[in-house]
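All letters in the sequence shown, in the order written, are residues 20 to 234 by this note's numbering.
Beta carbons: idealized from backbone N, C-alpha and C, even for Gly.
All of these numbers come straight from a predicted model, not from anything done at the bench.
Just below is one structure, and these are the notes that go with it.
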Amino acid sequence: MKFFIDTANLDEIKSAAAMGVLDGVTTNPSLAAREKRPYRELLKEICEIVPGPVSAEVFATDHDGMLKEAEELAAIADNIVVKIPTILEGLKAIRSLADKGISTNATLVFSPAQALLVARAGAAFVSPFVGRLDDISSDGMDLIGRILTIYRNYDFETEVLVASSRHPMHLVESAMMGADIITMPYDVITKLIKHPLTDIGLAKFLADAEKVPKG
Ligand code: G3P
20 MKFFIDTANL DEIKSAAAMG VLDGVTTNPS LAAREKRPYR ELLKEICEIV PGPVSAEVFA
80 TDHDGMLKEA EELAAIADNI VVKIPTILEG LKAIRSLADK GISTNATLVF SPAQALLVAR
140 AGAAFVSPFV GRLDDISSDG MDLIGRILTI YRNYDFETEV LVASSRHPMH LVESAMMGAD
200 IITMPYDVIT KLIKHPLTDI GLAKFLADAE KVPKG
């Protein structure tokens with residue numbers, strides 16, 4: 020299973036890359052807005068840090084506008100993946116971009132039907148937003164299970180990228196289901212390593228280490 024970080028913050032990306040488990044980056048307009056820097060300049064720097072896929076989202080909502088922006092974003096670096104919203108115009112754009120050999124990530128996916136459509140259109144990645152479904156008393160991980168079943172039934176090559184993850188159990192459940200990728204905010208990545216028994220055990224070992232005769 021691959022780990023992506025969901026941020027446009029360079030310090031967080033560098034820190035996660037140093038942990039040795041980072042395979043890619045996802046960004047979106049909301050994450051980019053927090054950085055208060057030109058989006059494309061930021062994307063170029065991210066692509067220099069992380070060799071894996073870096074998702075860059077279009078701001079346009081019509082087919083031709085998305086295509087133009089996608090071509091500009093794809094020209095930034097070889098590892099750019101263009102994020103396209105899962106709307107009717109987006110579906111057409113995913114198909115056009117697949118025909119041009121530009122890799123896409125279908126974002127804002129909330130139903131199995133949307134996931135099936137974007138796979139048929141040729142998206143390289145599908146991003147179901149699990150946390151936002153949980154937020155409205157729906158079941159985000161149930162959606163992941165349904166998409167995986169559909170993709171396996173028809174051997175779709177589109178990779179399932181679990182997005183809008185909020186806590187370590189989203190990772191554990193995604194891994195148990197066999198999702199291809201999860202993208203996580205920095206604070207979720209840092210929580211994965213933590214366990215109170217590890218801290219208690221280490222404190223005891225360190226205290227006992229003081230009692231071990233030197234030499
Ligand atoms: O990758 C999509 C993600 O950024 C959305 O996360 O927390 O805004 O629902 P969130």
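Grab the span of the alpha helix (DSSP H) containing residue i for me, first residue to last.
i: Gly-159; result: 159 to 173
i: Val-191; result: 187 to 196
i: Asp-206; result: 205 to 211
i: Thr-123; result: No alpha helix (DSSP H) contains Thr-123, which is instead part of the beta strand (DSSP E) from 123 to 128.
i: Pro-72; result: No alpha helix (DSSP H) contains Pro-72, which DSSP labels as neither H nor E.
Just to confirm before moving on: does the CB-CB distance between residue i and residue j stay below 7 Å?
i: Val-73; j: Asn-98; result: yes
i: Tyr-205; j: Glu-76; result: no
i: Phe-23; j: Val-44; result: yes
i: Val-128; j: Thr-177; result: no
i: Leu-116; j: Leu-136; result: no
Under a CB-based cut-off of 7 Å, is residue i close to chain B?
i: Val-44; result: Looking for chain B here will not work: only one protein chain is present.
In the DSSP assignment, find the unbroken beta strand (DSSP E) run with residue i in it and report its ends.
i: Gly-43; result: 43 to 45
i: Phe-78; result: It is not in any beta strand (DSSP E) - Phe-78 carries neither H nor E in the DSSP assignment.
Looking at residue i and the ligand G3P, is the gap between the Cβ and the nearest heavy atom below 6 Å?
i: Arg-53; result: no
i: Thr-123; result: no
i: Gly-159; result: no
i: Gly-220; result: no
i: Asn-172; result: no
i: Asp-25; result: yes
i: Ala-182; result: yes
i: Asn-28; result: no
**Message:** So within the stretch 84 to 137, which uninterrupted alpha helix (DSSP H) runs reach at least 4 residues, ignoring any that extend past its ends?
**Reply:** 107 to 118
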